[in-house]
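Read through the structure below, which is laid out as structure tokens, and then see the notes.
In UniProt numbering, the protein residues as written are 1 to 689.
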């Protein structure tokens with residue numbers, strides 16, 4: 001039977017684009033209102049806020065996240081290479097801005113270990129290039145003024161005229177300048193991606209790539225914290241191979257370990273890991289997670305202060321954390337040019353983690369998010385805070401899971417968390433002066449448990465999918481052994497190469513008929529299939545395009561045991577010799593063989609099929625090379641009196657064949673060449689025979 005295709009009305013793309021442009025450029029009160037409400041989703045959901053139903057869950061989750069956020073923010077400042085006050089600023093502003101602009105009800109946006117690491121690597125590199133010493137860990141009491149111009153945080157101030165800052169600026173001042181410039185550029189990239197709707201970029205970061213990147217970065221984070229754990233002073237390694245170089249330096253200087261820091265670290269890790277394991281085991285019985293980090297920080301600070309661990313044992317401490325806010329400052333344009341390339345992977349990773357967590361929560365709690373608006377939200381969570389001495393942010397998995405488990409209903413909980421951070425900023429920050437850096441390192445390392453546990457899942461993942469496991473291993477290794485940015489790039493490129501490789505050498509099969517049915521399957525995979533007399537059925541499980549054309553032909557010739565080109569050459573050679581022999585009038589060849597023997601010598605075996613059916617159900621598209629390949633097959637087999645029949649082609653493939661002239665000019669022979677099922681093609685071949 002022949003199915004008639006619908007006639008589609010041709011769309012004038014120019015007119016459609018002009019209409020969309022006119023609609024976009026028009027400005028009406030209603031459209032302006034919708035634009036503002038779309039840009040600030042809080043205006044839609046906050047008036048409908050069900051106070052009695054939501055408020056207690058939001059307050060509880062907000063308080064818990066705020067309590068967790070403060071110690072983590074202080075700890076992650078080590079990763080970013082900045083003072084703890086800047087981490088607190090980042091956590092405060094990110095929660096407020098996402099409350100106004102985010103579309104997810106449950107995501108916790110703020111400081112994140114991987115993002116802090118990426119920021120810290122750029123900051124360290126630029127400090128080295130500017131001539132600063134990265135190894136100056138001696139604690140100093142810093143006043144508020146020193147945050148704005150800390151010329152004493154290094155041995156010499158650095159004149160930043162080359163960076164467009166015509167004033168002397170110390171190490172800390174320059175470090176936060178680099179961080180804010182990097183954050184601003186990353187935010188601009190994210191907003192531009194939102195404007196041009198480039199959210200599809202996240203599709204190229206598969207789960208294996210993201211997991212491998214997170215695990216590799218976690219190894220880098222762990223390595224960077226070891227020196228704080230044992231209290232040794234080693235150079236902060238930069239560039240490729242940082243992980244290996246750092247471990248070499250650690251073992252070279254292990255004899256200088258500070259016994260006080262080692263004992264403190266061991267106690268803190270045991271307490272934190274035990275509390276985390278107990279919390280995971282009994283989380284169904286606990287109404288909210290145990291604030292273990294806060295308890296450890298409070299106790300450790302008290303012990304360090306009253307035990308005078310810094311003065312007596314030379315244990316490295318956080319130093320003074322000033323209260324209040326520093327006046328806002330515009331990020332320097334010349335510094336932006338220095339970090340423009342580094343900001344791109346930072347922007348992509350930040351966005352991908354935020355959107356993936358938002359989609360996870362939306363799916364779990366049955367609501368929708370707008371990925372494009374999420375890109376705007378996280379972009380402005382970077383742009384606006386960069387004026388207030390903050391660095392890059394992202395959604396964090398651990399805090400998001402805690403948020404959902406403690407009764408969070410809306411982003412009002414984010415405001416509560418911001419208020420907790422504000423309380424610390426205004427009043428409590430100086431109390432953390434005596435907090436040991438090794439305690440902060442312990443908090444960071446224990447927070448990496450989830451990413452490091454991925455190593456346990458490798459055997460199971462390998463059993464499920466070997467290619468995805470290989471992608472994970474390659475990405476993780478590159479992220480850890482080379483650098484995080486290159487590791488991410490290597491993961492993306494390698495995963496795409498795996499996809500290309502799969503289409504270049506896909507599965508191919510000859511099909512046999514399932515007895516008593518009209519269905520056909522792979523003859524090598526299933527028992528009790530019957531072959532169809534005089535008919536070969538070939539399946540190619542990939543698109544047919546320029547990269548796999550040769551593999552398609554080789555597989556077809558190998559499985560059917562017939563290369564039509566070689567067969568045609570044999571026949572021509574035989575016919576030529578036959579004509580030469582007949583001209584001489586002999587009945588035997590020059591070798592003394594009879595005509596029949598010559599035939600056997602030149603054409604070793606007879607062709608055992610008269611029709612070739614191509615199962616195109618797995619061919620999703622054809623390019624020009626693919627169409628020409630099928631036309632070539634059609635001609636070559638026709639010369640051997642073998643008909644080629646196509647089965648199960650989708651409309652896209654049929655259109656490509658029509659445009660390529662496969663069915664002739666008037667498509668008159670189309671119904672004898674194209675079939676909607678394999679069985680129809682087989683029946684036609686039998687009838688034709």
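Virtual Cβ for every residue (Gly too), placed ideally from N, Cα, C.
#### Entry: Nearest-angstrom beta carbon gap, residue 89 and residue 304 [assumed within contact, 8 Å]
That pair is no contact at about 24 Å.
#### Entry: Rounded Cβ spacing between residue 723 and residue 535 (contact assumed at less than 8 Å)
Since the first residue shown for the chain is 1 and the last is 689, residue 723 is missing from the structure and cannot be characterised.
### Query
In whole angstroms, what is the alpha-carbon distance linking residue 14 and residue 194?
24 Å
#### Entry: residue 86 classed as buried or exposed, judged by whether at least 16 other C-beta atoms fall within 10 angstroms
buried
### Query
Is the region 339-349 touching the region 170-185, taking contact as three or more C-beta pairs under 8 Å?
yes
### Query
Do residue 394 and residue 92 have their C-beta atoms within less than 8 Å of each other?
no
### Beta-carbon contacts of residue 250 that lie in its chain and below 6 Å, excluding the five residues immediately before and after
226
### Task
Out of 483, 269, 29 and 356, point me to the one whose CA is closest to residue 230's CA.
269
### Query
Would you say residue 658 faces chain D, with C-beta separation under 8 Å as the test?
Within the model displayed, chain D is absent; a lone protein chain is all it includes.
### Query
Rounded to whole angstroms, how far is the Cβ of residue 294 from the Cβ of residue 67, which I believe are closer than 8 Å?
5 Å
### Query
In chain order, which alpha helix (DSSP H) runs of at least 4 residues are fully inside the region 224-261?
242-252
### Task
Using only alpha-carbon positions, find the residue among 678, 471, 663 and 420 that is nearest to residue 63.
420
### Message
Check this for me: beta carbons of residue 503 and residue 561, under 8 Å apart or not?
### Response
no
### Query
In angstroms, rounded to a whole number, what distance separates the CA positions of residue 480 and residue 246?
12 Å
### Query
Given that a residue counts as buried once 16 or more other Cβ atoms are within 10 Å of its Cβ, and exposed if not, what is residue 197?
exposed
### Task
Specify the secondary structure class of residue 133 as computed by DSSP and reduced to three states.
coil
### Query
Which of helix, strand or coil does DSSP assign to residue 486?
helix
### Query
Is the CB-CB distance between residue 374 and residue 404 below 8 Å?
no
### Query
Along the chain, where does the alpha helix (DSSP H) that runs through residue 535 open and close?
Element bounds for residue 535: not the alpha helix (DSSP H) but the beta strand (DSSP E), 534-540.
### Coarse secondary structure for residue 112, derived from DSSP in three states
coil
#### Entry: Length of the line joining the Cα atoms of residue 658 and residue 678
20 Å
### Query
What number of angstroms, rounded off, separates the C-alpha of residue 625 from the C-alpha of residue 221?
49 Å
### Message
Please classify residue 248 as buried or exposed, where buried requires at least 16 other C-beta atoms within 10 Å of its C-beta.
### Response
exposed
### Proximity below 8 Å, CB of residue 315 to CB of residue 261
yes
### Query
How should residue 4 be labelled, buried or exposed, when 16 other C-beta atoms within 10 angstroms of its C-beta is the threshold for buried?
exposed
### Task
Would you mind sorting residue 31 into buried or exposed? The rule is 16 or more other CB atoms within 10 Å of its CB.
exposed
### Query
Near residue 556, which residues of its chain fall below 7 Å by C-beta distance, leaving aside the five closest residues on each side in sequence?
538
### Message
Please state whether the Cβ-Cβ distance between residue 218 and residue 566 is less than 8 Å.
### Response
no
### Task
Would you list the residues sitting across from residue 508 in a DSSP beta bridge?
540
### Task
Please report the residue range of the beta strand (DSSP E) in which residue 392 lies.
It is not in any beta strand (DSSP E) - residue 392 carries neither H nor E in the DSSP assignment.
### residue 50 burial status per 10 Å Cβ neighbour count (16 or more: buried)
exposed
### Query
Starting from residue 609 and walking both ways along the beta strand (DSSP E), at which residues does that stretch end?
609-615
### Task
Please name the residue or residues paired with residue 675 in a DSSP beta bridge.
647
### Task
Could you tell me how far apart the beta carbons of residue 414 and residue 99 are, in whole angstroms, since I believe they sit closer than 8 Å?
5 Å
### Query
Whose C-beta lies closer than 8 Å to the C-beta of residue 359 among residues of the same chain, with five residues either side of it excluded?
369 and 371
### Query
Looking at C-alpha atoms only, which residue of 76, 95 and 177 is the closest neighbour of residue 65?
95
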